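Residue numbers (UniProt numbering), protein chains in the order written: chain A, 1 to 383; chain B, 1 to 291; chain C, 1 to 277. Virtual Cβ for every residue (Gly too), placed ideally from N, Cα, C. All values reported here derive from a predicted model rather than from experimental measurement.
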Amino acid sequence: MTTTQGSGDIRLVDVSKQFGSSYAVKNVNLTIPHGSYCCLLGPSGCGKTTILRMIAGHETPSAGEIFIGDQMVVGKRPVERGTAMMFQSYALFPHLSILDNVAFYLKMRDVGKTERRERAREMLARVQLEHLKDRMPAQLSGGQQQRVALARSLITNPKVLLLDEPLSALDEFLRLKMREELKRLQNDLGITFVHVTHTQPEAIALADMVVVMDTGRIDQADTANMIFNEPETPYVARFMGGQNVLSGTVASRAADLVRVRAASGALYEARPDKAAKVPAEGAPVSLAVRRDRIALSPRAEGGPVVNAVSGVVEATEYQGTYVKVTIATEDGSIFVANVSDDAYFASPVDTGDAVTARFRPEHLHFLSKVDTGAAGDPYLDAH
Amino acid sequence: MTPSSTNRSGWAAYLQVAPLTLVLICFFAVPVALVVIVSFFRYQMLVGIVPTFTVKNYVDLFTNPTTWTLYASTLKFTLIVLVVTFVLGFWIAYFLVFHIRNLVTAIGLFLVCTVPFWTSNIIRMISWRPVLGREGLINSALQNAGITSQPIDWLLYSDFSVVVAYVHLFTLFMIVPIFNSMARIDKALLEAAIDAGASRFGVIWEVVLPLSKTGIALGALFVVTLVMGDFFVVTVMSGGLSGSATSGIFNDLQFLNYPRAAANAVILLITVLLIAAGIFRLVDVRKELVR
Amino acid sequence: MSASPSYGARPWTFYVLATLFTLFVIFLYGPMISVLVLSFQGPSGSLVFPLREPSLMWFQELFSPRRTGDVAGAFGRSLPLALLVMLMTVLISVTAGFAFRRRFRGSTVIFYMAIASLIVPGLVLSIGTLVTFRYLGLSASWITSGLGAHLSWALPFGLLIMFAVLGRLNPAYEEAAYDLGASRWRTVKDVVVPIVFPGMIAVALFGFTLSYDEFPRSWLTVGTKNTLPLEIWTMTTNVTSPALYALGTVTTIVSFLVIALALSAILLIQRRRSTGK
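This is the structure:
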């Protein structure tokens, strides 16, 4: 009766999905290890939901293979895959009671009425909703509906739980609460969770593995820590929100110090860590620096300064533990510094002030792709 | 809550429904009430309606076996047509909503189904003559193909042709409300059912059918009242061989016997209302409509 | 995005249902087309196929009153009557639709009265209207009792369509208009009507054709002068020439013109909206 057999790791091999002449997903390769919590992260239209639906069996790939455990699942019915999907709208059957919603899977397997209701009741007890079993879905709050949807998915005893923007319909308080519950549940069950979201904090808080997507491609798949601290591409650095991206050409490279000359004439000195791939001298390169690794001071006069960006404060935004200072730089781009509130209030700056932002060589991180600027990158200005 | 309800008392609403109410009272409530009243009046040859209370009209009708035969025949047609139009309407709506992937195509095909509705019923009825008649298209095709040597008589002026005409005229009344109900079903519900292991027909039986209930009820309501209230299709298409509940009314009117025609109309009205009430009991149509 | 269609292989049920659908469309249009073709029957042709020496003679015959009754006169009554019913249906059912967006005392009674009016057999209503006019000492005529009888059937239909249309009208539009300083009248004129306009065209189309094609409700209520469906009805028993088909073709063409007009109006509005012009 149980469908849990084998492991729940998921492999996508050269998977593409075409709608008409346009690609929703193009040549994606991805392995999600068994028992991990994986978040597919990206803006709407990036193909993350299409990937989820292909894993679930609600879309068929145009090309490529999908494995769950060691089973090739393309062409298999959803119920044969050992996956369960939680829909964004929850998709609770409006004509069935809560209990019958949860018991639906058992009904489809011709489990007798008494037994399936008993098992559904147990499952509802696990999500603390047993007392609402005779209600109709429309009579439940959003949070309760979601727990019912969860119970309905879990009763299938899945190897993989697929969640399509599960928290997007909840208010902030419930969202944080459900986030914790999902994480705990995944720990308890030990099965694979694949969770689609467009909000970065959600992905960072939940995931063992974050997959950042951009228009049908995977930009980076890694731990939350790596994605956040060592983004590989300018897109990831910007999309995750915590980084400034700088570009230039390699002026000189030594074992422990690389100099990069920006088009504006500014000079950046970086200490690449062991793994970083530093391009050859004269090659274009992009660097990222975290917003909270920046020191602000009044505009420095005089000669050129290393590892500094000068500009005019465009906006300041108080965030509780820090202050977000947005600077319009001399070459017309945007640079953001998150200054701790102690440091900020020690020497406050205001809109219109001329400032210089400084950062240390060890905090400059080499990106594997060169920044191509604003074209096709909607997050360039999303500061 | 609409803005109007916050800063305005109810009289605006009454003003807005006043014209509708007026028309309904003058041309529905009063006429129907008068039909009921006249049904209890006496009829006298050459004089017409005599306003003295009597139940004779009803006694006449209930003791006349013809009444029962006509009602039995009408109910038989109603049932057959209901089943055929439901089966056709349900599957056509299902095809348009769940099998046509392009919304524009679906709407276009839906319009193709609805266009004949806007054309004359009588013409559509008559148009079966050159198709079903003894020398009609079907008979000549069958004979040319050598399937039959004699023209088939029961194609036209028979119960068969009556049912064909009803289905031709009324299937649309099933398709439209069912299509409307189905179009509102969240596609994720179907996927959720498939996830749970429901087969193609499991999904239809467990999800699509219950969620199309309102549309089916409305469609059934239309078809039942249209067939029960029909006199003309059954007369033309059966060649006068079959009658309907309204045939009795028609005959009485020919003799200007308004009281008995009215009594017959009241019986018909009650029958239709009972069926409608039954349908409304099953489904709260208003809740679904005003939603 | 999640509603994107799947481009996998079509299931076998698709082909079964597509066949059913095609057969249904043939069933729907086949007889009408045969009438259309046969209305061009020549002098030696009969009421059935084949078509011999195609001609327009039956159309000419149609409008010579000696032979086939007063077809031109019937057109002359049916068209204005249908236009009047159309106009009144739009005005009355649209305003009533707005009233039903709120709960008010008596709304349920009026709603069920409208539904009952929709399902009461036409002939019953026809008798009732005739008797009512008798008792009032009035004589039935197409423009008085006929109009009322048609409205009693067209209005509930219009109301149902307005329920569907207004159900999708978000009250926030009106609230936004009030917030922006629009008066009640300007809100209706500049915000609500443009939004529900396609729905109003649908109501108009219903109003027109329900009246133009109505038979049972017209039967006793139009008085001594027939409307078109009654004229056709008389012809089905008297006329045994393809002139009957010619009349069918003419009325169908009128219907199609009206449908085409309504649909292209709706399409035009939608296109204008989507292109922002």
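Residue-chain proximity (residue i, chain B), Cβ-Cβ < 8 angstroms
i	result
A/TYR105	yes
A/THR156	yes
C/SER255	yes
C/THR209	yes
C/MET86	no
C/PRO11	yes
A/ARG360	no
A/MET85	yes
C/SER152	yes
C/LEU62	no
Nearest-angstrom Cα separation, counted from residue j out to residue i
i	j	result
C/ASP70	C/PHE104	48 angstroms
B/GLY240	B/TYR157	8 angstroms
C/GLY146	C/GLY128	12 angstroms
B/LEU96	B/ALA193	20 angstroms
residue 425 of chain A	A/THR197	Nothing about residue 425 of chain A can be reported from this structure: the residues present for chain A run from 1 to 383 only.
A/ALA151	A/LEU129	9 angstroms
A/ARG261	B/VAL104	55 angstroms
A/GLY190	A/ARG126	16 angstroms
A/ASP214	A/PRO43	7 angstroms
A/ASP222	A/THR249	28 angstroms
A/VAL160	A/VAL194	7 angstroms
B/ILE25	B/VAL203	45 angstroms
A/THR4	A/PHE228	Note that A/THR4 has pLDDT 43, beneath the 50 cutoff, so the model's placement of it is unreliable and the number below is only indicative. Going from the Cα of A/THR4 to the Cα of A/PHE228 covers about 34 angstroms.
C/THR227	C/GLN270	35 angstroms
C/SER126	B/VAL23	15 angstroms
Contact with chain A by residue i, beta-carbon distance below 8 angstroms
i	result
B/ALA183	no
residue 294 of chain B	Residue 294 of chain B cannot be examined here, being either before or after the span of chain B that is shown, 1 to 291.
B/ALA217	no
B/GLU135	no
B/GLY239	no
B/ILE279	no
Residue i - partner residues in DSSP beta bridges
i	result
A/ASN338	A/LYS324
A/GLY311	A/THR329, A/VAL355
B/PRO27	Reading the sequence as shown, one finds Phe at residue 27 of chain B and not Pro. B/PHE27 pairs with nothing; no bridge assigned.
A/GLY265	DSSP lists no partner for A/GLY265.
A/GLY248	A/VAL285
A/GLU122	Per DSSP, none; premise fails for A/GLU122.
A/LYS133	In DSSP, A/LYS133 forms no bridge with anything.
B/TYR43	B/ILE49
A/MET86	A/LEU163
CB contact below 8 angstroms: residue i versus chain C
i	result
B/THR85	no
B/TYR261	The residue asked about is misnamed: residue 261 of chain B is Ala in this sequence, not Tyr. Yes, because at least one Cβ of chain C sits closer than 8 angstroms to the Cβ of B/ALA261.
B/PHE160	no
B/PRO34	The amino acid occupying residue 34 of chain B in the given sequence is Leu; Pro does not appear at that position. Cβ-Cβ to chain C under 8 angstroms: yes for B/LEU34.
Contact list for residue i against chain B, beta-carbon separation under 9 angstroms
i	result
A/VAL79	ILE194, ASP195, ALA196, GLY197, ALA198
Where residue i meets chain B, residues with beta-carbon distance less than 7 angstroms
i	result
C/TYR173	Chain B residues near C/TYR173: none, gap ~10 angstroms exceeds 7 angstroms.
A/HIS95	PRO210, LEU211
Contacts of residue i in chain C (Cβ-Cβ under 9 angstroms)
i	result
B/SER247	Chain C residues near B/SER247: none, gap ~10 angstroms exceeds 9 angstroms.
Closer than 8 angstroms at the beta carbon, the chain A residues around residue i
i	result
B/ALA93	Simply none; closest approach about 18 angstroms.
B/LEU282	Residues of chain A passing the Cβ test: none, with the nearest at roughly 13 angstroms.
B/GLY202	MET108
Partner residues on chain A for residue i, Cβ-Cβ distance less than 7 angstroms
i	result
B/VAL207	PHE93
Contacts of residue i in chain B (Cβ-Cβ under 8 angstroms)
i	result
A/SER89	ASP186, ALA188
C/MET57	Those do not exist, as C/MET57 stays about 18 angstroms from chain B at its closest Cβ, beyond 8 angstroms.
(request) Please confirm if the stretch 280–298 of chain A is in contact with the stretch 237–251 of chain A, defined as three or more CB-CB distances below 8 angstroms between the two stretches. (result) yes
(request) Check whether the stretch 62–74 of chain B touches the stretch 242–260 of chain B, counting contact only when three or more Cβ pairs, one atom from each stretch, lie closer than 8 angstroms. (result) yes
(request) Would you check if there are 3 or more beta carbon pairs closer than 8 angstroms linking the stretch 174–190 of chain B to the stretch 81–95 of chain A? (result) yes
(message) Quick check: the stretch 212–225 of chain C against the stretch 140–156 of chain C, are at least 3 beta-carbon pairs closer than 8 angstroms?
(response) yes
(request) Please confirm if the stretch 214–221 of chain B is in contact with the stretch 39–49 of chain B, defined as three or more CB-CB distances below 8 angstroms between the two stretches. (result) Segments in contact, no.
(message) Taking contact to mean 3 or more Cβ pairs, one atom from each stretch, closer than 8 angstroms, check whether the stretch 44–55 of chain A and the stretch 20–27 of chain A are in contact.
(response) yes
(request) Would you check if there are 3 or more beta carbon pairs closer than 8 angstroms linking the stretch 242–260 of chain C to the stretch 157–165 of chain C? (result) In short, these stretches do not touch, since the Cβ pair count stays below three.
(request) Count the CB pairs spanning the stretch 116–130 of chain B and the stretch 236–252 of chain C that are closer than 8 angstroms, and state whether there are at least three. (result) Because the criterion of three Cβ pairs below 8 angstroms is met, the stretch 116–130 of chain B and the stretch 236–252 of chain C touch.
(message) Count Cβ pairs between the stretch 97–109 of chain A and the stretch 60–77 of chain A that sit closer than 8 angstroms; are there 3 or more?
(response) no
(request) Could you tell me whether the stretch 233–252 of chain C touches the stretch 27–41 of chain C, using the rule of 3 or more Cβ pairs below 8 angstroms? (result) yes
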